[in-house]
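Please read the structure below before turning to the comments.
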Amino acid sequence: MMKQSERKDRADLVETFKRFSQRYCQCNVLDAFLICLLTASLFCPPFVCVGPAVAVLVRFFCTKKIFQGALRLPGAVALMAFGLLMLLVTCVRGEEFNIIVALGIVASLVVGLYFRQVMTLPMFHTCLDIFCIGGAATGLYGLIEKLMHWGVPGFRGPSMFLNPNYFALMMVFVCICAVVQLVQSDHWYLYATVLVLGLTGIVMADGRAALITGAVCILLALVLLKQWRLTIILLMIAIVVIPLLLTLFPNLFIRLEGVSVSADLQHRIMIWKAAIKGFLQSPVFGQGAWMFEKVCTPLYAGLYEVHAHNLFFEILLMSGVVGTSLIGGYVLTMVRDLTRMYRVKHVALFAVPGICTLCAVTLHGLLDVAIVFPQTGIAMFLLVSCIGIYDKLSEEEKQGFLQRHLKIIDKVEIPR
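Here it is as structure tokens:
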């Protein structure tokens with residue numbers, strides 16, 4: 273009797289998710305479940321997302337249609353060639369930990385292709401909502417964490433992430449999602465709350481690069497969405513709130529002091545010089561994944577660092593000129609397709625998260641490599657997977673809209 277009841281409950285649960293998938297995702301039920309689960313897991317403690325990511329990898333390689341379709345995506349071959357080259361070089365030059373990092377990077381690349389291949393407009397809309405819910409929860413937790421350690425000078429809370437820099441970058445992504453959803457939703461006040469909590473999380477993490485990146489990307493999103501009035505309102509609020517915070521809570525912004533910034537910049541320049549020297553030792557194929565500590569630390573007075581504090585230098589060191597050219601080609605392909613997607617009126621709104629995410633990764637990558645981590649890396653690929661919506665348009669739909677310049681951003685009607 274108990275077993276029958278359990279089977280009935282399980283069947284009801286499956287049926288409920290099928291209805292959810294048909295209404296809010298409009299893609300295969302299993303794909304919808306895996307994407308929603310993986311998206312939610314990004315806001316759980318570190319490495320919780322590994323389980324759902326492994327399930328996605330199994331789905332990717334065991335489903336012929338998804339696997340073959342993903343490899344036909346623009347730039348997909350170059351992306352996988354970059355991953356395999358970096359993994360091979362790491363196996364030759366690195367140690368066990370370096371190989372694990374390389375495998376994690378390759379897995380993230382595959383997950384990115386999976387997202388792009390199966391993504392639909394309703395599914396992406398649902399992912400943005402899950403992202404906002406997770407971001408609000410982790411931002412609130414970061415605030416509580418900071419309040420609990422208020423008396424500790426310079427405390428930087430990591431919230432649910434491995435370190436504060438990962439937390440800060442994830443909050444930048446959350447702010448991007450919140451702005452997009454705020455503009456198109458009737459429940460704008462909910463997404464405004466998420467935006468405030470996202471910005472609060474960046475401040476609690478005391479991420480200098482993330483704070484600048486977040487401000488730039490929020491403004492970029494508003495400009496791309498043609499929200500001039502909202503842009504002016506937010507700028508006026510910022511003009512009032514920022515000096516007020518600096519006056520009332522000066523301890524929140526210790527790392528923004530001139531002496532701290534100047535000393536840190538000098539230190540970063542030393543690190544970048546060491547990274548360039550390490551790259552020049554093997555300029556063609558690079559040194560392998562996460563090799564800065566092993567290769568470059570002796571090159572700058574033995575100061576301890578684990579990465580190059582610059583995404584471009586890290587990729588050069590990791591995979592050399594060949595690998596950097598491959599990944600650069602894929603990024604340029606994404607930029608081209610996102611630009612074209614932005615000119616297709618009925619999906620233009622969902623090109624904005626992808627454009628702003630690439631901008632965020634580029635800006636933040638000037639001073640850090642926080643994107644080279646499962647949570648942040650998968651989050652980036654999820655937000656740029658909006659290109660998958662554009663990929664599924666027919667050539668007639670693409671070309672027909674490319675002839676007309678976009679003048680306004682319309683709210684997207686999600687089919688039910």
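In the working numbering, the protein residues as written are 273 to 688. All residues carry an ideal CB built from backbone N, CA and C; glycine is no exception. Here the structure is a predicted model, which means the values were calculated and not measured.
Pair within 8 Å by beta-carbon distance, Leu-610 and Ala-350: Their beta carbons are not under 8 Å apart, which means Leu-610 does not touch Ala-350 by this criterion.
So, Met-352 versus Lys-418, is the Cβ gap smaller than 8 Å? Not a contact, by the Cβ cut-off of 8 Å.
Separation of Ser-277 from Ile-377, as counted between CA atoms: One C-alpha to the other measures close to 43 Å.
Please name the residue in Thr-605, Pro-425, Ile-490 whose C-alpha comes closest to that of Pro-346. Checked all of Thr-605, Pro-425, Ile-490; the closest Cα to Pro-346 is Thr-605.
Which of the three DSSP states is assigned to Gly-414 in this structure? Correct three-state label for Gly-414: helix.
Which of the three DSSP states is assigned to Val-644 in this structure? Coil at Val-644, not helix or strand.
In its own chain, which residues sit with a C-beta less than 8 Å from the C-beta of Arg-331, not counting the 5 before and 5 after it? Within the same chain, Cβ atoms closer than 8 Å to the Cβ of Arg-331 are found at Leu-302, Asp-303, Leu-306, Ile-338, Tyr-386, the five residues on either side in sequence being excluded.
Any contact of the stretch 438–455 with the stretch 619–632, i.e. 3+ C-beta pairs under 8 Å? Contact holds between the stretch 438–455 and the stretch 619–632, because three or more Cβ pairs, one in each stretch, are under 8 Å apart.
On the CB-based measure, 16 or more other CB atoms within 10 Å of its CB, does Phe-728 come out buried or exposed? For the chain, the structure presents residues 273 to 688; residue 728 sits outside this window and is missing.
Give me the Cβ distance between Ser-591 and Met-358, rounded to the nearest whole Å; I'm assuming they're in contact under 8 Å. Contact between Ser-591 and Met-358 holds, since their C-beta atoms are separated by about 5 Å, short of 8 Å.
Quick check on this structure: which residue in Asn-523, Leu-537, Ala-651, Asp-536 has the alpha carbon closest to the alpha carbon of Pro-425? Answer by Cα proximity: Asn-523.
Alpha carbon of Glu-577 to alpha carbon of Gly-649, nearest angstrom: The alpha-carbon separation between Glu-577 and Gly-649 amounts to approximately 21 Å.
Bounding residues of the alpha helix (DSSP H) (the contiguous stretch that carries Ser-380): Residues 368–390.
Identify whether Thr-569 lies in helix, strand or coil by the three-state DSSP scheme. Thr-569: helix per DSSP, three-state reduction.
Hey, would you say Thr-410 sits closer than 8 Å to Cys-308, going by beta carbons? Taking the C-beta atoms as reference points, Cys-308 is found no nearer than 8 Å to Thr-410.
Continuous alpha helix (DSSP H) stretch holding Ala-312: start and end: Its alpha helix (DSSP H) spans residues 301–313.
Selection from Lys-664, Glu-669, Lys-670, Gln-671 that minimises the alpha carbon distance to Cys-299: With distances taken between CA atoms, Cys-299 lies nearest to Lys-664 out of Lys-664, Glu-669, Lys-670, Gln-671.
In the DSSP assignment, find the alpha helix (DSSP H) that holds Ser-666 and state where it starts and stops. Where Ser-666 is concerned, there is no enclosing alpha helix (DSSP H), given that its DSSP letter is neither H nor E.
Pairwise C-alpha distance: Phe-403 and Met-391: Between the C-alpha atoms of Met-391 and Phe-403 there is a straight-line separation of about 15 Å.
On the criterion of 16 or more Cβ atoms from any shown chain inside 10 Å, does Ala-620 qualify as buried, or is it exposed? That one is buried.
Boundaries of the alpha helix (DSSP H) in which Gly-592 is found, first to last residue: Following the DSSP letters along the chain, one finds Gly-592 inside the alpha helix (DSSP H) bounded by residues 583–614.
In the DSSP assignment, find the alpha helix (DSSP H) that holds Phe-354 and state where it starts and stops. Taken as a continuous stretch (DSSP letters only), the alpha helix (DSSP H) holding Phe-354 covers 348–365.
Is DSSP giving Cys-316 helix, strand or coil here? The answer is coil: DSSP assigns Cys-316 none of H, G, I, E or B.
Own chain, CB closer than 6 Å to Ala-283, minus 5 neighbours either side, in chain order: Cβ neighbours of Ala-283 beyond the five flanking positions: none.
Provide the residue span of the alpha helix (DSSP H) that contains Gln-247, from first to last. This structure cannot settle anything about residue 247, because the visible part of the chain is limited to 273 through 688.
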